[in-house]
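Novice: So the mapping is simple: this note's numbering equals the position in the sequence shown, first residue as 1, plus 26.
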Amino acid sequence: MTTTHRCLTKALSSYRAQLTPASRSNPPIRARLTPVSYHASAIRSQRFATSRATMAASSSLHQINFSANQPDDLPSRVAPLLDTWELTPSRNGLRRQFLFKTFNSAWKFMDTVAQECKVQRHHPEWSNLYNKVTVEWTTHRPEGLSIKDVDMAEFCDKTASEIGLKEP
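Okay, structure coming up:
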């Protein structure tokens with residue numbers, strides 16, 4: 027038996043001794059939390075405007091993978107966002123590209139959102155190219171779209187409208 031093999035064997039036996047019977051039988055928390063997917067039938071009672079964009083948004087709602095243990099009103103809060111935000115390919119998040127008048131406006135937007143991210147302890151995946159800012163919100167644990175993502179997407183919309191977007 028080599029020295030390395032002896033050390034590994036000793037380390038493994040001490041690790042096994044630390045495990046209690048309960049910790050051996052319980053799966054990790056991540057394995058126990060599964061994303062919840064709301065279907066159209068779960069939100070039928072919600073009233074949506076009959077605009078074409080809103081109808082498309084409501085049909086997209088059943089495709090979203092929501093994080094576990096989210097509030098019941100989350101689908102109704104996501105519906106209006108789908109007019110301007112798009113669902114990510116993984117269906118776990120929201121993405122939007124903001125087009126500002128100048129680079130300074132884009133930077134001011136990013137700085138304001140970054141300050142709120144510190145407060146909320148939730149950070150986006152984003153990029154900036156001159157006056158364009160692309161923002162993606164998703165939750166990694168538990169995986170899926172969460173109330174934090176929706177809150178921050180709403181904050182981004184409010185901040186962008188205050189700063190002023192470039193007209194298309």
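Note that CB positions come from ideal geometry on N, CA and C, so glycine has one too.
(1) In whole angstroms, give me the CA-to-CA distance for residue 148 and residue 167.
(2) Determine the closest residue to residue 107 out of 192, 162 and 194, with distance taken between C-alpha atoms.
(3) Residue 201 by DSSP, collapsed to three states: which one?
(4) Taking Cβ positions, are residue 185 and residue 114 nearer each other than 7 Å?
(5) In the DSSP assignment, find the beta strand (DSSP E) that holds residue 172 and state where it starts and stops.
(6) Taking all protein chains shown into account, do 16 or more other C-beta atoms lie within 10 angstroms of the C-beta of residue 169, making it buried, or fewer, making it exposed?
(7) Output yes or no for whether 7 Å exceeds the beta carbon distance between residue 153 and residue 189.
(8) Using DSSP with H/G/I as helix, E/B as strand and the rest coil, what is residue 131?
Specialist: Result, derived from the coordinates:
(1) 11 Å
(2) Put simply, of 192, 162 and 194 the residue whose alpha carbon is nearest the alpha carbon of residue 107 is 162.
(3) For residue 201 there is no data in the structure shown, the boundaries of the chain being 27 and 194.
(4) Residue 114 is positioned such that its CB atom lies no closer than 7 Å to that of residue 185.
(5) No beta strand (DSSP E) holds residue 172; DSSP gives it neither H nor E.
(6) buried
(7) no
(8) helix
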